[in-house]
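So the structure is just underneath, and the comments pick up after that.
Below, the structure written as C-alpha coordinates:
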(Lines of atoms letter the chains of each structure in order from A and count residues from 1; the text may use other names and numbers.)
(Lines give C-alpha, C1' and ligand atoms only; values in the text may rest on other atoms or scores of the structure.)
Protein backbone atom coordinates (compact mmCIF):
# COMPACT_ATOMS: atom_id res chain seq x y z
CA UNK A 1 0.00 0.00 0.00
CA UNK A 2 1.25 3.45 -0.84
CA UNK A 3 2.39 5.84 1.88
CA UNK A 4 2.22 9.59 1.69
CA UNK A 5 4.60 12.26 2.94
CA UNK A 6 3.09 15.71 2.58
CA UNK A 7 4.96 19.02 2.68
CA UNK A 8 4.47 21.07 5.82
CA UNK A 9 3.67 24.40 4.17
CA UNK A 10 1.28 25.37 1.34
CA UNK A 11 2.56 26.43 -2.07
CA UNK A 12 0.16 29.38 -2.28
CA UNK A 13 -1.31 32.04 0.00
CA UNK A 14 -4.75 31.77 -1.61
CA UNK A 15 -7.04 28.86 -2.53
CA UNK A 16 -10.56 28.68 -3.84
CA UNK A 17 -11.22 25.68 -1.57
CA UNK A 18 -9.51 24.58 1.63
CA UNK A 19 -10.57 21.13 2.83
CA UNK A 20 -9.72 20.37 6.45
CA UNK A 21 -9.28 16.62 6.79
CA UNK A 22 -7.73 14.41 4.14
CA UNK A 23 -9.21 10.99 4.83
CA UNK A 24 -12.20 9.46 3.02
CA UNK A 25 -14.59 12.41 2.86
CA UNK A 26 -11.96 15.10 2.36
CA UNK A 27 -10.11 13.23 -0.37
CA UNK A 28 -13.36 12.31 -2.14
CA UNK A 29 -14.42 15.97 -2.16
CA UNK A 30 -11.01 17.04 -3.46
CA UNK A 31 -11.07 14.49 -6.28
CA UNK A 32 -14.64 15.30 -7.33
CA UNK A 33 -13.77 19.00 -7.46
CA UNK A 34 -10.66 18.79 -9.61
CA UNK A 35 -12.05 16.07 -11.87
CA UNK A 36 -14.97 18.34 -12.79
CA UNK A 37 -14.08 20.47 -15.84
CA UNK A 38 -16.54 23.14 -14.67
CA UNK A 39 -14.59 23.76 -11.46
CA UNK A 40 -12.03 26.54 -11.54
CA UNK A 41 -9.58 27.24 -8.75
CA UNK A 42 -6.93 25.71 -6.54
CA UNK A 43 -7.67 23.18 -3.81
CA UNK A 44 -5.73 22.70 -0.57
CA UNK A 45 -6.23 19.71 1.74
CA UNK A 46 -4.93 20.15 5.29
CA UNK A 47 -4.29 16.84 7.08
CA UNK A 48 -2.61 16.63 10.50
CA UNK A 49 -1.84 12.89 10.15
CA UNK A 50 -0.96 11.87 6.57
CA UNK A 51 -0.57 8.24 7.68
CA UNK A 52 -4.20 8.27 8.90
CA UNK A 53 -3.00 5.99 11.71
CA UNK A 54 -5.51 7.44 14.16
CA UNK A 55 -8.29 8.24 11.72
CA UNK A 56 -11.79 6.78 11.60
CA UNK A 57 -10.92 5.50 8.11
CA UNK A 58 -8.07 3.41 9.51
CA UNK A 59 -10.14 2.03 12.39
CA UNK A 60 -13.33 1.55 10.38
CA UNK A 61 -14.79 -1.89 9.76
CA UNK A 62 -15.25 -0.72 6.15
CA UNK A 63 -18.77 -2.03 5.75
CA UNK A 64 -20.86 -1.01 2.76
CA UNK A 65 -24.58 -1.46 3.39
CA UNK A 66 -27.82 -0.15 1.94
CA UNK A 67 -29.98 -1.19 4.86
CA UNK A 68 -30.76 2.12 6.58
CA UNK A 69 -33.89 3.66 8.07
CA UNK A 70 -33.90 6.83 5.93
CA UNK A 71 -34.24 7.02 2.15
CA UNK A 72 -31.40 9.49 1.67
CA UNK A 73 -28.88 7.12 3.28
CA UNK A 74 -30.04 4.24 1.09
CA UNK A 75 -29.58 6.46 -1.99
CA UNK A 76 -26.15 7.61 -0.81
CA UNK A 77 -24.87 4.07 -0.32
CA UNK A 78 -26.33 2.90 -3.62
CA UNK A 79 -24.19 5.49 -5.36
CA UNK A 80 -21.21 4.55 -3.18
CA UNK A 81 -21.54 0.93 -4.32
CA UNK A 82 -21.66 1.99 -7.98
CA UNK A 83 -18.64 4.23 -7.46
CA UNK A 84 -16.62 1.43 -5.90
CA UNK A 85 -17.62 -1.07 -8.59
CA UNK A 86 -16.53 1.38 -11.30
CA UNK A 87 -13.51 2.58 -9.35
CA UNK A 88 -10.92 1.90 -12.07
CA UNK A 89 -13.03 3.68 -14.69
CA UNK A 90 -13.94 6.60 -12.42
CA UNK A 91 -10.40 7.35 -11.31
CA UNK A 92 -8.66 6.21 -14.52
CA UNK A 93 -6.55 3.95 -12.34
CA UNK A 94 -3.21 2.48 -13.30
CA UNK A 95 -2.62 -1.26 -12.99
CA UNK A 96 -0.82 -0.85 -9.65
CA UNK A 97 -3.57 1.25 -8.09
CA UNK A 98 -5.78 -0.22 -5.40
CA UNK A 99 -9.18 -1.38 -6.67
CA UNK A 100 -11.76 -1.94 -3.90
CA UNK A 101 -14.40 -4.67 -4.08
CA UNK A 102 -17.71 -5.35 -2.34
CA UNK A 103 -17.91 -9.12 -1.88
CA UNK A 104 -20.58 -10.06 0.68
CA UNK A 105 -24.11 -9.39 1.94
CA UNK A 106 -25.76 -7.96 5.05
CA UNK A 107 -28.45 -9.01 7.52
CA UNK A 108 -30.49 -6.14 9.00
CA UNK A 109 -33.94 -4.41 8.97
CA UNK A 110 -36.02 -1.66 7.28
CA UNK A 111 -36.48 -3.80 4.17
CA UNK A 112 -39.60 -2.11 2.75
CA UNK A 113 -37.99 1.34 2.53
CA UNK A 114 -34.84 -0.16 1.03
CA UNK A 115 -36.81 -2.13 -1.58
CA UNK A 116 -38.72 1.01 -2.56
CA UNK A 117 -35.37 2.64 -3.24
CA UNK A 118 -34.32 -0.24 -5.48
CA UNK A 119 -32.13 -2.03 -2.94
CA UNK A 120 -32.12 -5.82 -3.17
CA UNK A 121 -32.97 -6.39 0.51
CA UNK A 122 -35.48 -9.17 1.19
CA UNK A 123 -37.32 -10.07 4.37
CA UNK A 124 -36.68 -13.67 5.43
CA UNK A 125 -38.12 -15.75 8.24
CA UNK A 126 -35.75 -17.31 10.75
CA UNK A 127 -36.18 -20.68 9.00
CA UNK A 128 -35.36 -19.13 5.63
CA UNK A 129 -32.24 -17.53 7.09
CA UNK A 130 -30.98 -20.78 8.59
CA UNK A 131 -31.64 -22.61 5.32
CA UNK A 132 -29.17 -20.23 3.67
CA UNK A 133 -26.83 -19.91 6.66
CA UNK A 134 -27.23 -23.08 8.77
CA UNK A 135 -24.57 -22.01 11.28
CA UNK A 136 -26.88 -19.36 12.82
CA UNK A 137 -28.82 -20.09 16.03
CA UNK A 138 -32.00 -18.03 15.75
CA UNK A 139 -34.33 -19.35 18.44
CA UNK A 140 -34.97 -15.79 19.64
CA UNK A 141 -35.22 -14.25 16.15
CA UNK A 142 -38.42 -14.18 14.08
CA UNK A 143 -37.14 -12.56 10.89
CA UNK A 144 -34.38 -10.52 9.33
CA UNK A 145 -33.46 -8.72 6.14
CA UNK A 146 -30.84 -10.02 3.75
CA UNK A 147 -29.14 -8.22 0.87
CA UNK A 148 -26.43 -9.92 -1.17
CA UNK A 149 -26.13 -7.22 -3.86
CA UNK A 150 -23.77 -4.24 -3.55
CA UNK A 151 -23.17 -4.72 0.17
CA UNK A 152 -20.23 -6.05 2.09
CA UNK A 153 -16.76 -4.97 3.14
CA UNK A 154 -13.93 -3.27 1.28
CA UNK A 155 -10.61 -1.60 2.04
CA UNK A 156 -11.57 2.05 2.53
CA UNK A 157 -8.00 3.00 3.42
CA UNK A 158 -6.84 1.68 0.06
CA UNK A 159 -9.54 3.69 -1.66
CA UNK A 160 -8.33 6.84 0.12
CA UNK A 161 -4.78 6.24 -1.09
CA UNK A 162 -6.00 6.05 -4.69
CA UNK A 163 -8.20 9.13 -4.30
CA UNK A 164 -5.23 11.06 -2.86
CA UNK A 165 -2.93 9.94 -5.63
CA UNK A 166 -5.30 10.92 -8.42
CA UNK A 167 -6.33 14.20 -6.75
CA UNK A 168 -2.67 15.12 -6.36
CA UNK A 169 -1.98 14.33 -10.00
CA UNK A 170 -4.86 16.65 -10.93
CA UNK A 171 -3.40 19.55 -8.96
CA UNK A 172 -4.69 19.27 -5.38
CA UNK A 173 -2.16 20.41 -2.76
CA UNK A 174 -1.95 18.22 0.35
CA UNK A 175 -0.06 19.48 3.40
CA UNK A 176 0.77 18.00 6.80
CA UNK A 177 -0.53 20.78 9.02
CA UNK A 178 -3.44 21.93 11.19
CA UNK A 179 -5.93 24.77 11.00
CA UNK A 180 -5.83 26.65 14.31
CA UNK A 181 -7.82 29.76 13.44
CA UNK A 182 -10.39 31.21 11.06
CA UNK A 183 -11.34 34.74 10.08
CA UNK A 184 -15.04 35.22 9.50
CA UNK A 185 -16.68 38.21 7.80
CA UNK A 186 -20.44 38.01 8.20
CA UNK A 187 -21.46 34.45 7.42
CA UNK A 188 -18.36 33.67 5.36
CA UNK A 189 -14.93 32.40 6.37
CA UNK A 190 -12.40 34.45 4.42
CA UNK A 191 -9.14 32.98 5.71
CA UNK A 192 -7.69 30.17 7.80
CA UNK A 193 -4.57 30.21 9.95
CA UNK A 194 -2.24 27.22 9.98
CA UNK A 195 -0.33 25.89 12.96
CA UNK A 196 2.89 26.92 11.21
CA UNK A 197 1.67 30.53 11.16
CA UNK A 198 0.57 31.06 7.55
CA UNK A 199 -2.72 32.81 6.83
CA UNK A 200 -4.49 31.38 3.77
CA UNK A 201 -7.16 33.34 1.89
CA UNK A 202 -10.08 31.08 1.00
CA UNK A 203 -13.19 31.10 -1.14
CA UNK A 204 -14.72 28.05 0.53
CA UNK A 205 -13.81 26.03 3.62
CA UNK A 206 -14.89 22.39 3.89
CA UNK A 207 -14.98 20.79 7.32
CA UNK A 208 -14.10 17.12 6.78
CA UNK A 209 -12.40 16.69 10.14
CA UNK A 210 -14.44 13.70 11.30
CA UNK A 211 -14.52 13.35 15.08
CA UNK A 212 -12.85 16.76 15.38
CA UNK A 213 -15.48 18.51 13.25
CA UNK A 214 -17.14 20.22 16.22
CA UNK A 215 -13.81 21.49 17.57
CA UNK A 216 -12.94 22.85 14.14
CA UNK A 217 -16.32 24.48 13.52
CA UNK A 218 -16.04 26.41 16.77
CA UNK A 219 -13.12 28.30 15.21
CA UNK A 220 -15.74 29.82 12.90
CA UNK A 221 -18.26 30.37 15.68
CA UNK A 222 -20.46 27.47 14.59
CA UNK A 223 -21.73 24.69 16.86
CA UNK A 224 -21.93 21.18 15.43
CA UNK A 225 -23.53 18.34 17.43
CA UNK A 226 -20.66 15.95 16.67
CA UNK A 227 -18.92 13.77 19.26
CA UNK A 228 -16.33 11.00 19.17
CA UNK A 229 -17.74 7.65 20.36
CA UNK A 230 -15.80 4.45 21.02
CA UNK A 231 -16.21 1.48 18.68
CA UNK A 232 -14.40 -1.79 19.36
CA UNK A 233 -13.20 -4.34 16.80
CA UNK A 234 -11.74 -7.79 17.45
CA UNK A 235 -10.34 -10.39 15.05
CA UNK A 236 -10.51 -14.10 15.84
CA UNK A 237 -10.14 -17.58 14.30
CA UNK A 238 -12.09 -20.65 15.44
CA UNK A 239 -11.25 -24.36 15.62
CA UNK A 240 -13.81 -25.23 12.95
CA UNK A 241 -14.33 -22.45 10.37
CA UNK A 242 -17.75 -21.98 8.85
CA UNK A 243 -18.46 -23.80 5.60
CA UNK A 244 -19.30 -20.52 3.83
CA UNK A 245 -18.63 -16.81 4.20
CA UNK A 246 -20.28 -15.06 7.11
CA UNK A 247 -22.11 -12.02 5.70
CA UNK A 248 -21.99 -8.77 7.62
CA UNK A 249 -24.52 -9.62 10.32
CA UNK A 250 -26.00 -7.07 12.71
CA UNK A 251 -27.33 -8.68 15.87
CA UNK A 252 -30.16 -7.02 17.86
CA UNK A 253 -27.60 -6.40 20.64
CA UNK A 254 -25.62 -4.07 18.36
CA UNK A 255 -22.81 -6.61 17.96
CA UNK A 256 -21.95 -7.09 14.29
CA UNK A 257 -19.77 -9.75 12.70
CA UNK A 258 -18.48 -10.86 9.31
CA UNK A 259 -15.77 -12.91 7.62
CA UNK A 260 -12.31 -11.35 7.69
CA UNK A 261 -10.12 -12.93 5.06
CA UNK A 262 -10.20 -16.67 4.43
CA UNK A 263 -9.95 -18.09 7.95
CA UNK A 264 -10.65 -15.29 10.42
CA UNK A 265 -13.69 -13.36 11.53
CA UNK A 266 -14.33 -9.78 12.63
CA UNK A 267 -16.66 -8.66 15.39
CA UNK A 268 -17.44 -5.09 16.41
CA UNK A 269 -19.69 -3.25 18.81
CA UNK A 270 -20.27 -0.02 20.74
CA UNK A 271 -19.45 0.21 24.46
CA UNK A 272 -21.10 -2.00 27.07
CA UNK A 273 -22.50 0.86 29.08
CA UNK A 274 -23.67 4.30 27.97
CA UNK A 275 -22.36 5.33 24.56
CA UNK A 276 -20.80 8.57 25.77
CA UNK A 277 -18.52 11.14 24.15
CA UNK A 278 -14.76 10.60 24.47
CA UNK A 279 -11.68 12.63 23.66
CA UNK A 280 -10.62 11.98 20.02
CA UNK A 281 -7.11 11.28 21.34
CA UNK A 282 -8.31 8.61 23.80
CA UNK A 283 -7.69 5.12 22.40
CA UNK A 284 -7.83 3.26 25.71
CA UNK A 285 -9.87 0.13 26.48
CA UNK A 286 -11.72 0.98 29.72
CA UNK A 287 -13.89 -2.16 29.69
CA UNK A 288 -13.60 -5.87 28.93
CA UNK A 289 -15.91 -5.68 25.95
CA UNK A 290 -14.80 -9.05 24.53
CA UNK A 291 -15.71 -11.19 27.55
CA UNK A 292 -18.66 -9.14 28.72
CA UNK A 293 -20.39 -8.38 25.42
CA UNK A 294 -18.89 -9.73 22.21
CA UNK A 295 -18.07 -13.35 23.07
CA UNK A 296 -21.43 -14.14 24.73
CA UNK A 297 -23.27 -12.89 21.64
CA UNK A 298 -20.93 -14.68 19.23
CA UNK A 299 -21.26 -18.13 20.78
CA UNK A 300 -25.03 -17.72 21.18
CA UNK A 301 -25.64 -16.58 17.59
CA UNK A 302 -23.04 -18.86 15.94
CA UNK A 303 -22.28 -21.87 18.20
CA UNK A 304 -19.16 -22.72 16.16
CA UNK A 305 -17.67 -19.48 17.49
CA UNK A 306 -17.52 -20.90 21.03
CA UNK A 307 -13.83 -21.70 20.40
CA UNK A 308 -12.99 -18.16 19.28
CA UNK A 309 -9.63 -16.81 20.43
CA UNK A 310 -8.71 -13.17 19.87
CA UNK A 311 -5.61 -12.59 17.76
CA UNK A 312 -5.73 -8.80 17.62
CA UNK A 313 -8.05 -5.87 18.20
CA UNK A 314 -8.35 -2.12 17.88
CA UNK A 315 -10.51 0.69 19.19
CA UNK A 316 -11.49 3.55 16.94
CA UNK A 317 -13.86 6.49 17.06
CA UNK A 318 -17.20 6.97 15.37
CA UNK A 319 -18.19 10.55 14.54
CA UNK A 320 -21.59 10.61 16.18
CA UNK A 321 -24.22 13.25 15.40
CA UNK A 322 -26.16 13.62 18.65
CA UNK A 323 -28.94 15.52 16.85
CA UNK A 324 -30.21 12.79 14.51
CA UNK A 325 -27.32 10.35 13.81
CA UNK A 326 -27.01 11.64 10.23
CA UNK A 327 -24.41 13.40 8.11
CA UNK A 328 -24.32 17.20 7.86
CA UNK A 329 -23.81 18.24 4.24
CA UNK A 330 -23.98 21.76 2.92
CA UNK A 331 -23.07 25.35 3.91
CA UNK A 332 -22.36 26.39 7.65
CA UNK A 333 -20.14 16.44 5.31
CA UNK A 334 -20.69 7.31 2.83
CA UNK A 335 -18.02 9.44 1.18
CA UNK A 336 -18.35 9.09 -2.64
CA UNK A 337 -21.87 10.56 -2.80
CA UNK A 338 -21.08 13.16 -0.15
CA UNK A 339 -17.87 14.10 -1.92
CA UNK A 340 -19.70 14.51 -5.20
CA UNK A 341 -22.45 16.52 -3.51
CA UNK A 342 -20.12 18.96 -1.76
CA UNK A 343 -18.15 19.41 -4.99
CA UNK A 344 -21.39 20.25 -6.79
CA UNK A 345 -22.36 22.79 -4.12
CA UNK A 346 -19.01 24.53 -4.46
CA UNK A 347 -18.97 24.46 -8.26
CA UNK A 348 -22.63 25.14 -9.06
CA UNK A 349 -24.16 26.34 -5.80
CA UNK A 350 -26.63 23.45 -5.87
CA UNK A 351 -26.88 19.64 -5.87
CA UNK A 352 -27.15 18.32 -9.43
CA UNK A 353 -27.11 14.53 -9.18
CA UNK A 354 -28.40 13.34 -5.79
CA UNK A 355 -30.27 15.96 -3.75
CA UNK A 356 -28.63 15.95 -0.32
CA UNK A 357 -30.41 19.06 0.96
CA UNK A 358 -32.23 16.97 3.58
CA UNK A 359 -28.85 16.61 5.32
CA UNK A 360 -28.04 20.32 5.40
CA UNK A 361 -27.13 22.23 8.55
CA UNK A 362 -30.46 24.06 8.21
CA UNK A 363 -32.32 21.12 9.76
CA UNK A 364 -30.28 21.59 12.95
CA UNK A 365 -31.01 25.31 13.06
CA UNK A 366 -34.72 24.52 12.58
CA UNK A 367 -34.59 21.73 15.18
CA UNK A 368 -35.99 19.25 12.65
CA UNK A 369 -34.02 16.01 13.03
CA UNK A 370 -33.94 13.46 10.20
CA UNK A 371 -33.48 10.50 12.50
CA UNK A 372 -31.35 7.57 11.29
CA UNK A 373 -32.00 4.61 13.58
CA UNK A 374 -29.98 1.95 11.75
CA UNK A 375 -26.64 2.98 13.27
CA UNK A 376 -24.12 0.46 14.61
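Numbering (the UniProt record's numbering), first residue to last: 1 to 376. Quick reminder that beta carbons are idealized off the backbone N, C-alpha and C, glycines included. Bear in mind the structure is a predicted one, so any value in this text is a computation, not a measurement.
Outcome for residue i when other beta-carbon atoms lying within 10 angstroms are tallied against a minimum of 16
{"i": "residue 146", "result": "buried"}
{"i": "residue 17", "result": "buried"}
{"i": "residue 364", "result": "buried"}
{"i": "residue 47", "result": "buried"}
{"i": "residue 172", "result": "buried"}
{"i": "residue 13", "result": "exposed"}
{"i": "residue 367", "result": "exposed"}
{"i": "residue 251", "result": "buried"}
{"i": "residue 53", "result": "exposed"}
{"i": "residue 180", "result": "exposed"}
{"i": "residue 40", "result": "exposed"}
{"i": "residue 321", "result": "buried"}
{"i": "residue 5", "result": "exposed"}
{"i": "residue 194", "result": "buried"}
{"i": "residue 270", "result": "buried"}
{"i": "residue 240", "result": "exposed"}
{"i": "residue 249", "result": "buried"}
{"i": "residue 243", "result": "exposed"}
{"i": "residue 348", "result": "exposed"}
{"i": "residue 51", "result": "exposed"}
{"i": "residue 257", "result": "buried"}
{"i": "residue 350", "result": "exposed"}
{"i": "residue 204", "result": "buried"}
{"i": "residue 306", "result": "exposed"}
{"i": "residue 218", "result": "exposed"}
{"i": "residue 353", "result": "exposed"}
{"i": "residue 165", "result": "buried"}
{"i": "residue 377", "result": "The structure shown does not extend to residue 377, since the chain spans only 1 to 376, so no value can be given for it."}
Start-to-end residues for the beta strand (DSSP E) that takes in residue i
{"i": "residue 124", "result": "122-125"}
{"i": "residue 191", "result": "188-194"}
{"i": "residue 358", "result": "Counting along the chain, residue 358 falls outside any beta strand (DSSP E), and DSSP gives it neither H nor E."}
{"i": "residue 180", "result": "179-185"}
{"i": "residue 325", "result": "It is not in any beta strand (DSSP E) - residue 325 carries neither H nor E in the DSSP assignment."}
{"i": "residue 246", "result": "First-last for residue 246: undefined, no H or E at that position."}
{"i": "residue 44", "result": "43-47"}
{"i": "residue 236", "result": "226-236"}
{"i": "residue 268", "result": "264-269"}
{"i": "residue 16", "result": "14-20"}
{"i": "residue 258", "result": "256-260"}
{"i": "residue 173", "result": "173-176"}
Within-8 Å CB hit, residue i to chain C
{"i": "residue 141", "result": "Absence of chain C from the displayed structure is noted, only one protein chain being present."}
Cβ neighbours of residue i in the same chain (closer than 8 Å, five flanking residues each side left out)
{"i": "residue 214", "result": "223, 224, 225, 226 and 227"}
{"i": "residue 201", "result": "13, 14, 15, 190 and 191"}
{"i": "residue 42", "result": "12, 14, 15, 16, 17, 171 and 173"}
{"i": "residue 130", "result": "136 and 138"}
{"i": "residue 128", "result": "none"}
{"i": "residue 107", "result": "Because residue 107 sits at a pLDDT of 41, beneath the cut-off of 50, its placement in the model cannot be relied upon, and the point is left open."}
{"i": "residue 124", "result": "132, 143, 144, 145 and 146"}
6 Å CB neighbourhood of residue i in its chain, flanking five on each side removed
{"i": "residue 55", "result": "23"}
{"i": "residue 112", "result": "With a pLDDT of only 47 at residue 112, under 50, the local geometry of the prediction cannot be trusted, and the value read off the model is given with reservation. No residues qualify anywhere along the chain."}
{"i": "residue 32", "result": "339, 340 and 343"}
{"i": "residue 287", "result": "272"}
{"i": "residue 220", "result": "182, 184 and 189"}
{"i": "residue 292", "result": "272"}
{"i": "residue 377", "result": "Nothing can be reported for residue 377, as the shown portion of the chain is limited to 1 through 376."}
{"i": "residue 187", "result": "none"}
Supposed contact pair residue j and residue i - C-beta distance, whole angstroms, cut 8 Å
{"i": "residue 233", "j": "residue 284", "result": "At roughly 15 Å, the Cβ-Cβ gap does not stay under 8 Å, so residue 233 and residue 284 are not in contact."}
{"i": "residue 237", "j": "residue 264", "result": "5 Å"}
{"i": "residue 7", "j": "residue 175", "result": "6 Å"}
{"i": "residue 9", "j": "residue 198", "result": "6 Å"}
{"i": "residue 377", "j": "residue 294", "result": "Nothing can be reported for residue 377: it is not among the residues displayed for the chain, which extend from 1 to 376."}
{"i": "residue 302", "j": "residue 135", "result": "5 Å"}
{"i": "residue 297", "j": "residue 230", "result": "Going by Cβ atoms, the distance from residue 297 to residue 230 rounds to 17 Å, so no, they are not a contact pair."}
{"i": "residue 259", "j": "residue 282", "result": "The pair is not a contact, with the Cβ atoms about 30 Å apart (cut-off 8 Å)."}
{"i": "residue 142", "j": "residue 126", "result": "6 Å"}
For residue i, the first and last residue of its enclosing alpha helix (DSSP H)
{"i": "residue 29", "result": "24-34"}
{"i": "residue 214", "result": "213-217"}
{"i": "residue 201", "result": "Unbroken run through residue 201 is the beta strand (DSSP E), 199-207; no alpha helix (DSSP H)."}
{"i": "residue 158", "result": "156-169"}
Cβ neighbours of residue i in the same chain (closer than 7 Å, five flanking residues each side left out)
{"i": "residue 280", "result": "211, 212, 228 and 317"}
{"i": "residue 208", "result": "19, 20, 21, 25, 26, 29 and 333"}
{"i": "residue 35", "result": "170"}
{"i": "residue 308", "result": "236, 238, 295 and 298"}
{"i": "residue 216", "result": "20, 179, 207 and 209"}
(message) Please give the ranges of any alpha helix (DSSP H) in the region 295-327, keeping only runs that are unbroken, at least 4 residues long and fully inside the region.
(response) Listed in chain order, the complete alpha helix (DSSP H) runs (minimum 4 residues) inside the region 295-327 are 295-301.
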